[in-house]
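Visitor:
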Amino acid sequence: MSTLLKIEFVTAEDHADEAGIFIATKVPHGWEETPCGPGRRFTLYLEDHPLGMELIRAMETQFPDSEVTWSERESENWAMAWKDFFNPVNCGETFTILPPWLEDGSENGTTHIVIEPKMAFGTGHHSTTSLCLATIGTMAKDGVIEPGQSFLDLGTGSGILGIGLCKLGLTGIGLDIDPQAIECARENAEANAVAQSMRCAVGSIDFLEPEAVFNIVVANILSGPLIEMARDILLHVRPGGSLILSGILADKQKEAVTEAYERLGIGAPVINIEGEWACLVWERVEGWDRA
782 MSTLLKIEFV
792 TAEDHADEAG
802 IFIATKVPHG
812 WEETPCGPGR
822 RFTLYLEDHP
832 LGMELIRAME
842 TQFPDSEVTW
852 SERESENWAM
862 AWKDFFNPVN
872 CGETFTILPP
882 WLEDGSENGT
892 THIVIEPKMA
902 FGTGHHSTTS
912 LCLATIGTMA
922 KDGVIEPGQS
932 FLDLGTGSGI
942 LGIGLCKLGL
952 TGIGLDIDPQ
962 AIECARENAE
972 ANAVAQSMRC
982 AVGSIDFLEP
992 EAVFNIVVAN
1002 ILSGPLIEMA
1012 RDILLHVRPG
1022 GSLILSGILA
1032 DKQKEAVTEA
1042 YERLGIGAPV
1052 INIEGEWACL
1062 VWERVEGWDR
1072 A
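Numbered according to my numbering, the sequence shown spans residues 782 to 1072.
(1) For R980 and G818, what's the separation of their Cα atoms in angstroms?
(2) Find the nearest neighbour of G937 within the set K922, D923, I926, E968, judged by alpha-carbon distance.
(3) With DSSP run on the structure shown, which of helix, strand or coil describes P819?
(4) Give me, in chain order, the residues of the same chain whose beta-carbon lies closer than 6 Å to that of V994; leave out the 5 immediate sequence neighbours on both sides.
(5) Leaving out five residues before and five after R1065 in sequence, what residues of the same chain have Cβ atoms less than 6 Å from its Cβ?
(6) Work out the CA separation of A1000 and S1023 for me, nearest whole Å.
(7) Grouping DSSP H, G and I as helix and E and B as strand, with all else coil, what is G1049?
(8) Go ahead and pull the three-state DSSP assignment for R1044.
(9) Since I believe A972 is in contact with P881 (beta carbons under 8 Å), could you give me their beta-carbon distance rounded to a whole number of angstroms?
(10) Alpha carbon to alpha carbon, how far is C872 from M920?
(11) Helix, strand or coil for A901, going by three-state DSSP, please let me know.
(12) Among all the DSSP beta bridges, which residues are the ones paired with W882?
(13) In the structure shown, what three-state DSSP assignment does R1065 receive?
(14) If we ignore side chains and look at the alpha-carbon of each, how far apart do A966 and L956 end up?
(15) Apply the 10 Å Cβ neighbour rule to L1015 and answer buried if 16 or more other Cβ atoms are within range, or exposed otherwise.
(16) Going by the CB atoms, is the gap between L912 and F932 shorter than 8 Å?
(17) Counting only runs that start and end within the region 965-992, where is the beta strand (DSSP E) found for 3 or more residues in a row?
(18) Going by beta carbon distance, what residues of the same chain come within less than 8 Å of C1060, once the five residues before and after it are set aside?
(19) Skipping 5 residues on each side, what residues in its chain have a beta carbon closer than 7 Å to that of S985?
(20) Using the C-alpha atoms, what's the distance from R1044 back to L940?
Following this line, the structure appears as structure tokens:
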């Protein structure tokens, strides 16, 4: 039977923010973060043992004065492990992300996105996900995002952003280069009753036909790929459509990503920041040279 790797990482409080950013760039799903004496404890679970041991070695190298311990547990207990600390996540005024065992059918003024925690995919606890959903909710309230529009969710992971857009009445496609992520996204789309509105497929931006364009393109990935694929991403934004980019460190990466897209002639974005992370938004993309 396969096992999970439970990693506990304890660091001094003055290194905690740096440690959180470090983990966020290595692990795409959520983790538990709790006070531990004068410092902070990070607890996370990984299914892939080679990746887990590599992460442990990287932690020990990056934070030599910190304590890293690990243990194994049966993967069938994965859901039970999450039940200890998976709390609902409020994303702005529109969305709440929660696990199946906390869904009681009453939305209490927000739209619920039900996510089954998995070993390698987003749960909504990461700031970039909640920041994107809060941005999407605000754009819907402002009438920029409307029912009947189409969307592309590039790097869909567990499908959270695409599911949120579907629940606002949009239809579209979620792409990810990881086949397991796509399987997870499909399961979550089914669980949220939007499978008919969201097609999921393995691939990156080059999966799409050249003529495929969308009213909303959202990409919550890493700054490097966002810069490298800037022109290809823009080619799939319908003229007058919106572009939402995240997975970008606010103090180190947002200028470089912004510059890559401004060079293509779409102007400056609105920049939303949550903690260490930035979300770049162009509400009306038009007037740039697509040749």
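Glycine is no exception: its CB is placed at the ideal position from the N, C-alpha and C atoms.
Guide: Looking at the atomic coordinates:
(1) To locate residue 980, count along the sequence shown from 1; it is residue 199. To locate residue 818, count along the sequence shown from 1; it is residue 37. Their Cα atoms are separated by approximately 47 Å.
(2) Numbered from its first residue, the sequence shown carries residue 937 at position 156. According to the sequence as given, residue 937 is Thr; it is not Gly. Nearest C-alpha to T937: E968.
(3) As a position in the sequence shown, residue 819 is number 38, starting the count at 1. P819 falls in the coil class under three-state DSSP.
(4) For the purposes of this step, residue 994 is identified with residue 213 of the sequence shown, where counting begins at 1. Result list for V994: H1017, R1019, in chain order.
(5) Here residue 1065 corresponds to residue number 284 of the sequence shown, with the count starting at 1. If we look at R1065 and ignore the five residues flanking it on each side, its Cβ neighbours are G1021.
(6) Sequence index remark: in the sequence shown, residue 1023 carries index 242 (1-based). Sequence index remark: in the sequence shown, residue 1000 carries index 219 (1-based). C-alpha separation (whole angstroms): 11 Å.
(7) On the sequence shown, position 268 is the one that residue 1049 refers to. Checking the displayed sequence, the identity of residue 1049 turns out to be Ala instead of Gly. In the structure shown, A1049 sits in coil (DSSP, three-state: anything other than H, G, I, E or B).
(8) Taking the first residue of the sequence shown as 1, we reach residue 1044 at position 263. Reduced to three states, the DSSP call for R1044 is coil.
(9) For the purposes of this step, residue 881 is taken as the residue at position 100 of the sequence shown. For the purposes of this step, residue 972 is taken as the residue at position 191 of the sequence shown. 7 Å between Cβ atoms; contact.
(10) Looking up residue 872 in the sequence shown gives position 91. Looking up residue 920 in the sequence shown gives position 139. Whole-angstrom Cα-Cα distance: 13 Å.
(11) Here residue 901 refers to the residue found at position 120 when the sequence shown is read from its first residue. No answer about A901 holds up, because its pLDDT of 45 lies below 50 and its placement is not dependable.
(12) Numbered from its first residue, the sequence shown carries residue 882 at position 101. None; W882 has no bridge partner.
(13) To locate residue 1065, count along the sequence shown from 1; it is residue 284. Correct three-state label for R1065: strand.
(14) By 1-based counting over the sequence shown, the position of residue 966 is 185. By 1-based counting over the sequence shown, the position of residue 956 is 175. Each residue's Cα considered, the two are about 9 Å apart.
(15) Working through the sequence shown from its first residue, we reach residue 1015 at position 234. Buried: at least 16 other Cβ atoms inside 10 Å.
(16) Locating residue 932 in the sequence shown gives position 151, counting from the first residue. Locating residue 912 in the sequence shown gives position 131, counting from the first residue. No, these two residues do not count as a Cβ contact at 8 Å.
(17) 979-983
(18) Start at 1 with the first residue of the sequence shown, and residue 1060 comes out as number 279. If we look at C1060 and ignore the five residues flanking it on each side, its Cβ neighbours are T909, L912, C913, T916, I1025, L1026, S1027, I1029, I1052, N1053, I1054.
(19) Residue mapping note: residue 985 aligns to position 204 of the sequence shown, counting from 1. These residues qualify, in order along the chain: L956, I958.
(20) The sequence position of residue 940 within the sequence shown is 159, counting from 1. The sequence position of residue 1044 within the sequence shown is 263, counting from 1. In the sequence under discussion, the amino acid at residue 940 is Gly, which differs from the Leu named in the question. Straight-line Cα distance between these residues: approximately 30 Å.
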